[in-house]
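Report on the structure given below.
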Amino acid sequence: MGVSRNLRQFGLRMAVRASEVRSGAERVLKGAAFAGVFQAVNATPVKTGEARGGWFITRGTPSSATTGRLDVTGAATIREAEKEIARFKLPDGQLFLNNNVDHIEALDAGSSDQAPAGMTAGAIVASRAVVNRFRILDR
């Protein structure tokens, strides 16, 4: 009887810990995704706002869609991405940062005088920094 009770208590503690790990992993991924979006949007050079407004988040799979959004400041793009990130749950799989504006690769390669090459590299660095400093379990 004592062993059975101890095993039951152990099982309950493991279930709580599993929930904490799942929750912590979601927080890490959401934080990394937001950091990447914020960096990518703000590093994107602006002429019409098409490229800056072209960033969006998908859950589970990447997308070949475009947003059609013109966003000179990037605020609306970040707000929309934040909403999608907030809906993320681990069973969704992965979060993807997408931008399918036809000239996004040229901008990332440095074609604009407004910004240096590498906005996507900066987004990756920002996301990794969040992951590197985050603790899944707060203990």
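Take numbering that gives the first Met the number 0: the final residue in the sequence shown is number 138, and no numbers are missing along the way. Beta carbons are placed, not taken as given, at the ideal position from N, Cα and C, and that holds for glycine.
One or two residues paired with residue i in a DSSP bridge
i	result
Asn97	Phe55
Selection from the options that minimises the alpha carbon distance to residue i
i	options	result
Ala34	Asp91, Asp101, Arg78	Arg78
His50	Gly23, Gln8, Gly67, Ser63	Note that residue 50 is Ala in the sequence shown, not His. Ala50 has its Cα closest to that of Gly67, out of Gly23, Gln8, Gly67, Ser63.
Val130	Gly30, Arg21, Lys46, Asp101	Gly30
Val124	Phe37, Asp91, Gly92	Phe37
Residue i and residue j closer than 8 Å at C-beta
i	j	result
Leu96	Glu19	no
Thr65	Val40	no
Thr57	Met118	no
- prompt: Are the stretch 76 to 83 and the stretch 110 to 123 touching, with three or more C-beta to C-beta distances below 8 Å?
  reply: Contact annotation: the stretch 76 to 83 does not touch the stretch 110 to 123, with fewer than three C-beta pairs closer than 8 Å.
task: Tell me the start and end of each unbroken beta strand (DSSP E) in the stretch 18 to 91 that is at least 3 residues and wholly inside, in chain order.
output: Within the stretch 18 to 91, the complete beta strand (DSSP E) runs of at least 3 residues fall at 55 to 58.
- prompt: How about the stretch 56 to 71 and the stretch 23 to 30: do they share at least three Cβ pairs that are nearer than 8 Å?
  reply: Under the Cβ criterion (8 Å, minimum of three pairs), the stretch 56 to 71 does not count as touching the stretch 23 to 30.
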